[in-house]
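What follows is a short report on a single structure.
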Amino acid sequence: MSQVPLVVAVLVAHDPGGWFEEALVSIAHSNYPNLEVAIVDNASTSSIESRIGRILPLARVIRLETDLGYSKACNEGAQVIEGGSHFVFCHDDVALAPDAITEMMEVAFAENAGIVTPKVMVWDSPRQILQLGLDLDKTGAVASRVDVGDLDQSQYDQVEEVFVAPGGCTLIRADLFKALGGFDEYMDLYYEDVDLSWRAHLLGARVVTAPSAKVRHLMVSTDLPVIPRRRRGGYEATGRTGVGHLRRLQASRRNQLRILLKDSDRRQRRGLISRFLLLSFIEMIFYMVTGRPRLSGAIYGAIKSNFANRKSIASLRKDLIAQSFTGGKYQVKFISGSAKISAYLASRRGMTKLNRSRARSGQIPLGFRYVAEGHTSSEVEHRAESKLLGRIATLVIWITGIGFFVATRSLISGHLPLLGSMAPFPSPGYLLSHYFTATYSTPLLGHQPAPTLWLLFGILELIFVGSSSIMMHFVILASPAIGAIGVYRLVATRRGREAGKISAALYLAMPIFHQAMLLSSFESVLSFAVVPWTIHLLIRARMMANGSRRQSRRAHIAAGLVLGLAGAVSPALWIVIIISAVAVAIPLSLSGQSEVAKGGLKTVGIASIFSVLVNLPWALALAWPGHPVAALFGVRPPVNLDFYNLLRMGDSVSSGSLLPVVLWIVAIVTPFISRSVRARESAVLLFEASFLLVLGAASSGGLLGITPVSIDLLNIVLAVVLVDIAGIAVRAVAKDLSGFSLGWRQPVIMFLSLALLISMAVELPAIVSGRLGLPNQGYESALSFMSPAPQHAGVLWMGSPADLPVGAWRVANGLSISVTPAGSVDQTEVQLPPRLEAVQSVVTDLKAAVSGQVVNLGSQLAALGIGYVVIPQQIGAGEYFLGSDLDLIMERQLDLKQLLVDPSLIAFQVVQPVNSKPTVSPAPIASLLTFLGIVGQLLAVLLVILALVRKRSFLLDADGEALLRNIRRELALPIKGSESKDESKEPEDGASEPIGVSEGLLPPDSPVFADELGSRIGRHSEAKNQESRK
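Just remember that the working numbering sits 76 ahead of the position in the sequence shown, which is counted from 1.
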């Protein structure tokens, strides 16, 4: 009987973890009778020969001193053992079935195949399929041919020809490998298997699958978590961990384009490269917009690298064409669509399927089993949530989402009335141009600082092709979804997915969005979306303060940006969020967690500073002396609610609902049904909720002034805190309740669950109209009488602040005024301008007229350039001021003439000729604010770029000491804690000890430090100049 062909197994290892022994044992147990093994140690940090010797004592071990990459290591290993007919190239995280090599060899001879790929199974779930060959799309991206995570039920057992053999385990004929010149050694990571398979096709070889040959692949580089070798934590990773996204992306795109340039047919090459470049450009824009410029730069670097090597690639292509049996005219049958998008969605779906199956069986999720030594094991303590609880959570969020869609169905294509602050936006050109010039002109008031919100909505309008109406519809309809997703992220990251779903549903069922629509408050609609994300990112920044510096910087900057967005939406909202975050420090300090409280205050401080920077110069104008409080908190008077209506989250237009009351009971009960950390967290959040309730009671009762913080904004923040506590309660029911003996807790939880369902059900009648109480018509049709208004004529609006479609100043309880240009009203009049000196005379004259004094109000208004007086009648849910008395007061003015207009308005025209007021030039102080604002914004942009790009911050870190420390490092000044290891050595004779070494770090305000810093800077600059001259 003739001897079977020799097969050489080449296994490449680099810092293998605990899986390595299992991979070696699988090779040792192979039933193929003529097998030799060559193991390439690709520059592992610690020797692996002893681990190999215990299992495969006859294996040939090749040690590489530098990491040459997988391709180069395979080529080196293939030269060690001669005489083999086939090679089997394996990663060190692949375990072969005993008959895997035998089955692949049988298929290779039966199908006359050059390359054979086995059926790759999940490492710790051998019944689930991971890979069985790969396909390629027209951008060179690979796509799986199977549904990842499917159970192996013989559905893929046909031997088929494929285009790509995945590189985890591949059998290839030795003569074919030699003819191909081995792997392309330029591809040190990813896509080397695609290149090898493509070139094999060009030489006429077949690539087939061997479904009967099974291997298990851990996929360390792709699926294991990325654990950096950190020194700050006092330990280093001792084994190989996952490859970071930046390196994966750069290597994949570089090799992907190299393959298209080198291997593709001339007739297909131009179209393939065009598609690749277009998709890469879209990816670069996406990463830039999402704040990840390093990833965008990685794609650019990959393209640039191939452009720099274009001559060598052309030479390789020429050699490949000469070898090809078709003369390089082999055309690939690519799959349709984008494999990048399909593979991303499929992999996410497949990995989720795998992890859920492990969770149900109590196994550790994929990617957490083999974690580098020295790291905490808290990551691997994931267990499945109750299946019943998961189904209930999914059902609740679906029912709530459908109900919310039904409640807003008429707003999708319906009309948005000009009412409250639902005014349309001007053109994107107007918004962006005035934002970047930092001022805009107003009637009567001259130039004012442009609000930061104009930048965001100017960009949004550009996205919606300049349509303000479509953009407003989108923002109003998307705000509930954005807010619910924010609540889900806030709760799910700390309490679990099921708790996050239930909390998101409760947030949508709260009455606050309905009240925002009843008030026609665009500010409250935006706040509904922004507040959950702001609180989530502040908590996330605090949790990551002790992590890596780069992650901490990114988390703090993200929190600062979203907090700045909250301030741009409403300065009062910014104040409420800051106050509530600071209030949390009180119970933490009282419970002995002072360090946690200090860390939270530091995080809030850093985020607050950054949020002010991104709102310059508008933020400086708001804080300028003499600025009215109404511009910060609005002009609505206290609503004077009783305690029960405060619990129901009522306001001036609605009595709230029963759901917040039930959530208050849940918040009170939660500390008693939970244990340890959850009990402490629920108690702290209960204190925060109680603090916000007291603040709301003070605002409602007028204790915070005649223009207090809006109760609607307080209710939004309070709602987020209450649903967060509800998330803790859900988690406590799943985890802690079983630890208590049968008693009062179980029936109370059942009662509260039923109460929550009933309180959500009683709100169903409110969704029937489909507009959430928003009227069908506003004041837009009634303003046509002002179309022939003279140039520069202004309009004085008077009435209840809830009825005015513009920002207003308070004159008396229920009476506010505002001045806008004649004609249409837009969002530029909703934001109250910071400087109000010129309007004081109008307020004075109006107060005199209301008090019954004889005032020629029309003449006074004409002198100020005001041509019309408009009193809106009640369309929405606002209040009247004195009913018709205000109309009678205006009718008594002989220099005002009443006009016959739409019944929704009472309008008067000024009899006297209107004084045409030219545009006022900006005051010097306004120019200064503009300059400071531009400088501040540039500084904020610079901080973002440095935090996202640099590995070591020069300006900002969690401790706020990076700038001083880097200056000292750059100029070789002494740094605290960085003394030399041989500091006990005596200085050499004649050498003077540097200033500050013996005393430690000199204080920055020390004159000695300043002199030394100045002299070192001078010497450093002189040395640099001398070096440049040389």
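Backbone N, C-alpha and C define an ideal beta-carbon position, used for all residues, glycine too.
- Distance from the Cα of residue 233 is smallest, within the candidate group 286, 973, 160, for 286.
- Note on geometry: alpha-carbon atoms of residue 540 and residue 478 lie some 26 Å from one another.
- When DSSP states are grouped into helix, strand and coil, residue 89 belongs to the strand group.
- With a contact defined as Cβ atoms closer than 8 Å, residue 253 and residue 163 qualify at about 6 Å.
- Rounded to whole angstroms, the separation of the alpha carbons of residue 614 and residue 659 is 14 Å.
- Per DSSP, the unbroken beta strand (DSSP E) holding residue 118 starts and ends at 111 to 118.
- Under a 10 Å Cβ-count criterion, residue 507 is classified as buried, with 16 or more other Cβ atoms of the shown protein chains found around its own Cβ.
- With three or more CB-CB distances shorter than 8 Å, the stretch 268 to 280 counts as touching the stretch 336 to 345.
- In terms of Cα proximity to residue 982, the closest of 948, 973, 568, 758 is 948.
- With a cutoff of 7 Å on beta-carbon distance, residue 161 and residue 109 are scored as not near each other.
- Taking the C-beta atoms as reference points, residue 971 is found nearer than 7 Å to residue 935.
- In the displayed model, residue 650 falls within a helix according to three-state DSSP.
- DSSP places residue 936 inside the alpha helix (DSSP H), whose first and last residues are 933 to 939.
- Beyond the five residues adjoining it in sequence on each side, residue 677 comes within less than 6 Å, by CB distance, of 661 in the same chain, given in chain order.
- Look at residue 211 here: in three-state DSSP terms it is strand.
- For residue 504, the secondary structure class from DSSP, reduced to helix, strand or coil, is helix.
- Around the CB of residue 622, fewer than 16 other CB atoms lie within 10 Å, so the residue is classed as exposed.
- Assignment of beta strand (DSSP E) within the stretch 601 to 687, counting only whole runs of 3 or more residues, yields no such run.
- C-alpha of residue 399 to C-alpha of residue 251: approximately 14 Å in a straight line.
- Judged by pairs of C-beta atoms under 8 Å, the stretch 231 to 246 touches the stretch 198 to 215, as three or more such pairs exist.
- Residue 800 counts as buried, since at least 16 other C-beta atoms from the protein chains shown sit within 10 angstroms of its C-beta.
- For the pair residue 666 and residue 672, the CB atoms are not nearer than the 7 Å cut-off.
- The stretch 786 to 795 makes contact with the stretch 763 to 775, as at least three CB pairs between them are under 8 Å.
- In the displayed model, residue 187 falls within coil according to three-state DSSP, outside both helix and strand.
- Just so you know, the alpha carbons of residue 601 and residue 167 end up roughly 54 Å apart.
- Around the C-beta of residue 973, fewer than 16 other C-beta atoms lie within 10 Å, and the residue is accordingly described as exposed.
- Bridge partners of residue 725 according to DSSP: none are assigned.
- Burial check for residue 753: the Cβ neighbour count within 10 Å stays below 16, so the residue is exposed.
- The beta carbons of residue 159 and residue 116 sit no closer together than 7 Å.
- Taking each of 977, 736, 190 in turn and checking the Cα distance to residue 798, the smallest one comes out for 736.
- In this structure, the alpha-carbon of residue 880 lies about 16 Å from that of residue 984.
- The residue from 567, 692, 619 with its alpha-carbon nearest to that of residue 806 is 567.
- For residue 225, the three-state secondary structure derived from DSSP is coil.
- Below 8 Å, too few C-beta pairs join the stretch 133 to 141 and the stretch 322 to 332 to call them touching: fewer than three.
- When the Cα atoms are used, residue 179 and residue 142 turn out to be separated by approximately 35 Å.
- One thing to note: residue 112 has its Cβ no nearer than 7 Å to the Cβ of residue 177.
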